[in-house]
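Residue numbers (my numbering), protein chains in the order written: chain A, 1 to 357; chain B, 1001 to 1363.
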């Protein structure tokens, strides 16, 4: 898509507070930039709400805010990420994404050209995902009160099947599948932000995953649960599912694909790759009999898709005598390490901090 | 990945484990010095592979853990001053001082930044002449050469707005202090491979001799540690007490001469307070006379405050190997990474954090 910039850049090369002030400048910005990029009839009504009809009774509805520094990173930018992230959240409920909203909180002084690049990237991502951006909002905050731009997108998807995809459906014996390698998004951001240079360029894995999920549903695969791996990476996702389902998860370290440069960067910085954020990865909890079929479908999209583990019954508590009174009984994610020993995969505390030595 | 996968080979690990079982006839207690080794042991479950007679206890080699509360408080005080850019390695940011940590001072508006090298802090000082840039120089002999180089460069560039809050510590005096304690259970050491990569291992020979303990310079990967254990047990079983080098791919007997020279150029040996342990004579590094203009404690006048530790935190006993982390009554109850009482629960190298992360569940 090659849109020529309709904003008179010579006049307003940067976003002013007035562009969020509700007056003529804001109308110019919305009309010249957002309507032009996202063009669809529902948005063009320019009403306070978009009114749309859906064929299905069951819908999925989600929202997410996107805050990322730098705004542009290898493999993506905040605009495409704001579309992919919300599309993926809908996909995790087994829904087909249909409509998005987009709300911008823009820092005064942001170059108009930068905003235009982001908006174009959103439009491109939305087109690729088959969704329409049908409503939105624009605010401008004082210089220094934002990080360039923050974007919130909400999404509506339609559920066209009778399955219930939810953590509570996870059963002992379910297989845990992963749709690709881990850690690329987090390390791509970190490399740019901290000025780290590696021999190869690490690109974000930011991508929509709904087509893979819809393909699984079309093929009749029974899906017990899906969870995308964003902040906190695989570790957080698995711990959340374990806690919600009240079951133990067992995964094998050697089965989990991590690209060599990502692994090396994590080793150097002392970061745990299983806790590093992804933006195009999900874990699928599939009954044993359907797992091979599901894996074959996922591998058609990414050859790195793989079986990483399974769901076990809840473990009996270790006897008080052996455990002592201080052992915490929940949640339960166990990693079989490369050398064959077992350990827990614990939820990260906050952001990972690079270590001293 | 090359240089990594070959040291995590499951079949070789099994083979080494069998060999350790074969040579062990009596109970032995070994201490791994470094927190990085502790984490590898707990993360890979290496202690579970060992014979029951072998007990691994976790040493004081976690730079974050042994930095006294008083110095953290000094750091917080300096960081909160207007016009200061306070730089630090990442994992010092969550370590609690007596009232707060650097992350919360940052949240209240202080300019606290993570750097990956002390030289980045020197660069920042050159780029921000109107600001005071302070680097938090902590760590063992591993990080000391880089800190020394930063001070040396700042001196060469005649930077007036760069200084360091220094809390460098040395391993051999800490080992002697542990071994001199009447409660000491340690019969052999796995010495920290990266410390020895800088310092070599000649200074450990008198320690091994004086206390009749085997000391094996050991690396950080699973096979390194298993081999280190195997070498130490063989010594103990045959009544030897020598310094041996398992980590030959990185460590020479005289270490890294250039790094040592840089350290000696900038630093002198001083007494140092260790968190949870107390003062150990000749166990730290401080700036030599010619470099004291770079001493942040002097520059900002925050010298000599001593602060009481939380009475509930037993990290001193953990750091001396006298109890295991989960034997502390506060472990995983009052003390957790989200609300730590002591530094070993915070650091990515701390023994309490290792147990919390990898060991709260039944296997």
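Glycine residues also receive a C-beta, built at the ideal position from the N, C-alpha and C atoms. These numbers come from a predicted model, not from an experiment.
In this structure, how does DSSP classify residue i when only helix, strand and coil are distinguished?
| i | result |
| --- | --- |
| residue 352 (chain A) | coil |
| residue 1334 (chain B) | coil |
| residue 1187 (chain B) | coil |
| residue 1245 (chain B) | strand |
| residue 90 (chain A) | helix |
| residue 1081 (chain B) | coil |
| residue 101 (chain A) | strand |
| residue 365 (chain A) | Nothing in the structure corresponds to residue 365 (chain A), since chain A is present only between 1 and 357. |
| residue 1300 (chain B) | coil |
| residue 1356 (chain B) | helix |
| residue 1294 (chain B) | helix |
| residue 1113 (chain B) | strand |
| residue 202 (chain A) | coil |
| residue 285 (chain A) | strand |
To which residues of the same chain is residue i closer than 7 Å at the C-beta, ignoring the five residues directly before and after it?
| i | result |
| --- | --- |
| residue 328 (chain A) | At residue 328 (chain A), the pLDDT of 45 sits below 50, so the modelled position is not reliable; the number obtained from the coordinates is stated separately. The answer is none, since no qualifying residue turns up. |
| residue 1184 (chain B) | 1178 |
| residue 1231 (chain B) | 1216, 1244, 1246 |
| residue 194 (chain A) | none |
| residue 143 (chain A) | 107, 108, 109 |
| residue 415 (chain A) | Any property of residue 415 (chain A) remains undetermined from this structure, which presents chain A solely from 1 to 357. |
Just to confirm before moving on: does the CB-CB distance between residue i and residue j stay below 8 Å?
| i | j | result |
| --- | --- | --- |
| residue 98 (chain A) | residue 157 (chain A) | yes |
| residue 1133 (chain B) | residue 1098 (chain B) | no |
| residue 290 (chain A) | residue 221 (chain A) | yes |
| residue 972 (chain B) | residue 339 (chain A) | Examination of residue 972 (chain B) is not possible in this model, given that chain B is present from 1001 through 1363 alone. |
| residue 181 (chain A) | residue 258 (chain A) | yes |
| residue 353 (chain A) | residue 1091 (chain B) | yes |
| residue 78 (chain A) | residue 118 (chain A) | yes |
| residue 1128 (chain B) | residue 1198 (chain B) | no |
| residue 299 (chain A) | residue 235 (chain A) | no |
| residue 1089 (chain B) | residue 1111 (chain B) | no |
| residue 1213 (chain B) | residue 1241 (chain B) | yes |
| residue 1280 (chain B) | residue 1174 (chain B) | yes |
| residue 1065 (chain B) | residue 1275 (chain B) | yes |
| residue 120 (chain A) | residue 37 (chain A) | yes |
| residue 337 (chain A) | residue 1036 (chain B) | no |
| residue 14 (chain A) | residue 148 (chain A) | no |
| residue 159 (chain A) | residue 58 (chain A) | yes |
| residue 123 (chain A) | residue 93 (chain A) | no |
In chain A, what lies closer than 8 Å to residue i by C-beta?
| i | result |
| --- | --- |
| residue 1010 (chain B) | 338, 339, 340 |
| residue 1275 (chain B) | Chain A residues near residue 1275 (chain B): none, gap ~15 Å exceeds 8 Å. |
| residue 1358 (chain B) | 343, 344, 346 |
Along chain B, in chain order, which residues have C-beta atoms closer than 7 Å to that of residue i?
| i | result |
| --- | --- |
| residue 21 (chain A) | Within chain B, no residue comes near residue 21 (chain A); the closest Cβ sits about 29 Å away, beyond 7 Å. |
| residue 232 (chain A) | Per Cβ cutoff of 7 Å: no residues; residue 232 (chain A) is ~14 Å from chain B at best. |
| residue 249 (chain A) | What residue 249 (chain A) touches in chain B: nothing, since even the nearest Cβ is about 12 Å away. |
| residue 349 (chain A) | 1337, 1338 |
| residue 260 (chain A) | 1001 |
| residue 194 (chain A) | 1116 |
Anything in chain B within Cβ reach of residue i, meaning under 8 Å, just list it in chain order.
| i | result |
| --- | --- |
| residue 267 (chain A) | 1001, 1004 |
| residue 312 (chain A) | In chain order: nothing, as chain B lies at least about 12 Å away. |
| residue 353 (chain A) | 1090, 1091, 1093, 1094, 1114, 1348 |
| residue 199 (chain A) | Within 8 Å Cβ-Cβ: nothing; residue 199 (chain A) doesn't reach chain B, min ~13 Å. |
List the residues of chain A whose Cβ lies closer than 7 Å to the Cβ of residue i, in chain order.
| i | result |
| --- | --- |
| residue 1045 (chain B) | 337, 341, 342, 343 |
| residue 1049 (chain B) | 341 |
| residue 1185 (chain B) | Those within 7 Å of residue 1185 (chain B) in chain A number zero; the least Cβ separation is about 19 Å. |
| residue 1013 (chain B) | 339 |
| residue 1222 (chain B) | 339 |
Among the residues of its own chain, which have a CB less than 6 Å from the CB of residue i, if the five just before and after it don't count?
| i | result |
| --- | --- |
| residue 284 (chain A) | 177, 226 |
| residue 68 (chain A) | 78 |
| residue 1354 (chain B) | 1038, 1039, 1042 |
| residue 66 (chain A) | 78, 81, 82, 151 |
| residue 85 (chain A) | 64 |
| residue 1119 (chain B) | 1150 |
| residue 1205 (chain B) | 1243 |
Interface residues of chain A around residue i at Cβ under 9 Å?
| i | result |
| --- | --- |
| residue 1068 (chain B) | Under the 9 Å cutoff, chain A gives no residues; its nearest Cβ is about 16 Å from residue 1068 (chain B). |
Which residues of chain B have a Cβ atom closer than 9 Å to the Cβ of residue i, listed in chain order?
| i | result |
| --- | --- |
| residue 264 (chain A) | 1001, 1004 |
| residue 270 (chain A) | 1036, 1090, 1091, 1348, 1349 |
| residue 252 (chain A) | Residues of chain B passing the Cβ test: none, with the nearest at roughly 11 Å. |
Less than 8 Å between C-beta atoms, sequence neighbours within five positions excluded: which residues of the same chain meet that for residue i?
| i | result |
| --- | --- |
| residue 1294 (chain B) | 1151, 1154, 1155, 1162, 1163, 1164, 1287 |
| residue 255 (chain A) | 306, 307, 308, 309 |
| residue 1027 (chain B) | 1053, 1054, 1055 |
| residue 139 (chain A) | 20, 103, 104, 105, 106 |
(message) Just to confirm the assignment: which complete alpha helix (DSSP H) runs, minimum length 4, are found wholly within the region 1013-1074 of chain B?
(response) 1035-1044, 1046-1049, 1063-1066
(request) Ignoring anything shorter than 3 residues or poking outside the region 1193-1275 of chain B, list the beta strand (DSSP E) runs there in chain order. (result) 1215-1218, 1243-1245, 1267-1274
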